[in-house]
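Residue numbers (the working numbering): 2 to 106.
We put the CB at the ideal spot given by N, CA and C, even for glycine.
Nothing here was measured: the structure is a model prediction, and the numbers come from that model.
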Amino acid sequence: MLSPQLARKKTVKDLIARVKNFRLERDWDQYHSPKNLVMALVVEASELAEHFQWLTEEQSRSLPPDKLAEVREEVGDVLIYLVNLCDKLGIDPLDAACDKLEKNR
Numbered sequence: 002m003l004s005p006q007l008a009r010k011k012t013v014k015d016l017i018a019r020v021k022n023f024r025l026e027r028d029w030d031q032y033h034s035p036k037n038l039v040m041a042l043v044v045e046a047s048e049l050a051e052h053f054q055w056l057t058e059e060q061s062r063s064l065p066p067d068k069l070a071e072v073r074e075e076v077g078d079v080l081i082y083l084v085n086l087c088d089k090l091g092i093d094p095l096d097a098a099c100d101k102l103e104k105n106r
């Protein structure tokens, strides 16, 4: 039997498929042009940034549990929009990140 941690382990491909199915089940594809997805991604990234806006460096490293839960939700939103954008443009996000790291080496 798998441990709960192993049972929850997902791959990037699993996430892409789940996000795509979520979008298609709601008939949102018509609204998800790359332009609209980038705009939504920026909004969500801004919401994430708001949680850290007036914190000191130290405060930003030790968020209380309730604030950390809110940040976690915003991270999820950012990732979902990024995955949607990658799916629309045919970009593998893992390949893109690895290629960028290699380029910046």
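Other residues of its chain near Leu16: CB distance less than 7 angstroms, five sequence neighbours each side excluded: Val84
For the alpha helix (DSSP H) that contains Gln60, what are its first and last residues? Glu58 to Arg62
Using 8 angstroms as the threshold, is the segment 66-85 in touch with the segment 36-47, meaning 3 or more CB pairs across them? yes
Start and end of the alpha helix (DSSP H) containing Asp96? Pro94 to Lys104
Would you kindly work out how many angstroms separate the C-alpha atoms of Leu86 and Leu64, rounded to a whole number? 30 angstroms
Given a cut-off of 8 angstroms, decide if Val20 and Asp88 are closer than it, judged by their beta-carbon atoms. yes
Could you name the residues of the same chain whose beta carbon sits closer than 7 angstroms to that of Glu71, not counting the 5 residues immediately before and after it, in chain order? His52
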